[in-house]
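Numbering (our numbering), first residue to last: 860 to 1427. Heads up, the beta-carbon is just placed ideally off N, CA and C, and yes, glycines get one too. Structure first, then comments.
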C-alpha cells in the first residue's frame, strides 16, 4: 500500500458543510490542491486525506460538523488507518484552542486565511498521521478514534450541562463558560502531546478571494456563487460571524468582474453574488473610511460622499449587467440598514439583475430590534419594503426572522406574526434563536426555553405557510422565464424539502399535494434562489441549464407546476 502511494499523486476527499460562502472556500481549496498535483476523489475510503470544511453558525449546523468529523475518523479507523484528517472552516476559527483537545484524532486544523495553503497543510497532516501510527505500533500511543463521540459528550455535558439553555451533551457551544474550558479528554500521554494536531488558524482572518486563485466549482455548470467580500462589521448581538470571519473586506471590482467573465465563458447562466453583507460592498475601499457606519443614516451619508467612479454594490451591478450574454445576476445577503434609493434604481434599470431581494430582517418589534442591535426601526423597515416594491414592480422579497430571542414577550412575538401576514413575503425562513457563546445575546437575561422557541417557530412557519399558498396561487396563468436545473426524480416529485443553516427551514413536503406523475424537469424562476427557495416543476424532459418560457398551470404550497411554451 505504501509503495503504491509513492507511485501516484496524493488523493484528497473533501466534505463541505454550511452556507454558499463556505462552499466557495471549499472550491478554492480544491483548486489549490489540483494546481499542486493532488488528486480529488469522491470516495473517502480511497483518499489519503480527508478535509471536513465545517460550519459553526448555529447549534444544529455545528452538531452536523461534529458528526462529520467523528464519522470520518471512524471510517478511517475501519478502512484506511493511514489517512490524514484535516478540519477547516468556521469551527477551527471559533474554537482554535479547544478543538485539538476535543479531537486529538484530527491531524490538522486550518483557518480561513489558510485556504490557499491547503496543499502544504495536507502534506503536513499526512506526516503527522504517519508519526502517530508509528507511535501506536510501538505501544507509546493509544488510538483515539473509537468512542470519541461518547467521551466528547460526557466532557461537554460536565462543563455546560448545568448552564441554562444547554440543549444536549453533544453541543459545542451555548455558554460563555465553554469558550474558556480546558477539559482534557482521554488523559493524553507525553507521546501524544508531541504529536498534537497542526494548528494553522489566524483568529482575525484577512483573506479575501482572488480571481487568480484556482477554483474547482462544485455547483452545476449553469450557476455559480461569486464571493464579492469577506467578513462583517455589523454589531448584531446574536451573531458570531464577525468574530470568526473578521472585519468586512471587499474584493476590487475589477477582480470580481474578471471572475464573472470567466464564469460566463464557462457556461454559467446565473451568478449569485454573496458575502456577509453584500450591500456594504466597496464601502471599505473608499479613502479614509471608517467601519462605524452600521446605521442607515450614516451609511446613506457615506454612500452619497463616494467619489465619482467609487466602488459600491451599485457600480458592481451596473458593470456586471453590461457584460455580454444571457444570464441572471442574483443579489444575496443584503442588510436592511444599507439599502439606498440608488440601489433600488440600479436593480430597476438593470434587466439582468433578478427581481429578487434577500434581505434578512430578523424581527419587527422595536424592543427586539434594539436588543438585536439591528440599527433599524419598525417604521424604517416598513418604509424600505414599500420603496423597494414601488421601485421594482414584481420583485420577490425574501427574509428571515429569529423567534425566541432573549426577552421576546408574547406581545413582541404576536407583532411579528401580524407583520408576516400583512407584508406577505414571497419567500421566508424562520430560525429558533440559538444561544451563542461569545455574543452579547448569549449573556442576556430573559432566555427562553427550547420548548417555547420551537413552538413559536412552528407558529411563525404556519403563518407563512398560509401566505406562501396565496403567493403560489397568484402565479397560475402567468408565463415566467425559468432556468432548468435537472430532471426530476421520483423523490423530487413526492416531496421537495429545502434545508439551509443560513436561511432556516424554508419548507417541508406538502402533505395534501397529490404526487406528480410522469416526466418532469425541475426549474427555478426569477423568484427562486438555488437550494433555498421554491421550484418550478416543468412538464416533460427539457435541456438542463437553459432558459425557457413556461406557463404556470398549477401549484403546491411552495412550488409551481408549469408547461414550457418556448425558449428564452
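query, result
"Strictly by DSSP, which residues pair up with residue 1090?", "Beta-bridge pairing links residue 1090 to no other residue."
"Starting from residue 988 and walking both ways along the alpha helix (DSSP H), at which residues does that stretch end?", "977–996"
"So is residue 1337 buried or exposed if we call it buried at 16+ other beta carbons inside 10 Å?", "exposed"
"Three Cβ pairs or more, each shorter than 8 angstroms: is that satisfied between the region 1196–1211 and the region 1152–1163?", "yes"
"Between the alpha carbons of residue 1302 and residue 969, how many angstroms are there, rounded?", "29 angstroms"
"Using a Cβ-Cβ cut-off of 6 angstroms (strictly less than) and excluding sequence neighbours within five positions of residue 1392, which residues of its own chain qualify?", "1286"
"Using a Cβ-Cβ cutoff of less than 7 angstroms, which residues in the same chain neighbour residue 1094 once the five nearest sequence positions on both sides are dropped?", "1153, 1232"
"By a C-beta neighbour count over all protein chains shown, 10 Å radius and 16 as the cutoff for buried, is residue 1377 buried or exposed?", "exposed"
"Should residue 967 and residue 984 be called a contact, given that it needs their Cβ atoms to be closer than 8 angstroms?", "yes"
"From residue 1070 to residue 1082, what does the alpha carbon distance come to, in whole angstroms?", "17 angstroms"
"Which residues in the same chain as residue 1100 place their Cβ atom closer than 7 angstroms to its Cβ, once the five residues preceding and following it in sequence are excluded?", "1091, 1135"
"With distances taken between CB atoms, is the gap from residue 977 to residue 888 smaller than 8 angstroms?", "yes"
"Whole alpha helix (DSSP H) runs in the region 1087–1168 with 4 or more residues, listed along the chain?", "1100–1104, 1112–1124, 1155–1163"
"Is residue 1253 buried or exposed, if buried means 16 or more other CB atoms sit within 10 Å of its CB?", "exposed"
"I believe residue 1054 touches residue 1108 by the beta-carbon criterion, under 8 angstroms. Please report the beta-carbon distance rounded to the nearest angstrom.", "The Cβ separation is near 35 angstroms, so there is no contact."
"Taking the alpha carbon of residue 1203 as the point to measure from, which residue in 1176, 931, 1102 has its own alpha carbon closest?", "1176"
"Taking the C-alpha atoms as reference points, what is the distance between residue 1260 and residue 1213?", "23 angstroms"
"Measure the Cβ-Cβ separation of residue 1293 and residue 918 and say whether it is below 8 angstroms.", "yes"
"In this structure, how does DSSP classify residue 1215 when only helix, strand and coil are distinguished?", "strand"
"With a threshold of 16 other CB atoms inside 10 Å of the CB of residue 901, please say whether the residue is buried or exposed.", "exposed"
"Along the alpha helix (DSSP H) that carries residue 1242, what are the first and last residues, could you check?", "1237–1250"
"Which same chain residues, not among the five before or five after residue 870, have their C-beta less than 7 angstroms away from its C-beta?", "898, 900, 905, 906, 907"
"Alpha carbon to alpha carbon, how far is residue 1116 from residue 1146? Give it in angstroms, no decimals.", "22 angstroms"
"Would you call the region 1314–1328 and the region 1401–1412 touching, i.e. three or more CB-CB distances under 8 angstroms?", "no"
"Tell whether a beta-carbon distance below 8 angstroms holds between residue 1264 and residue 1299.", "no"
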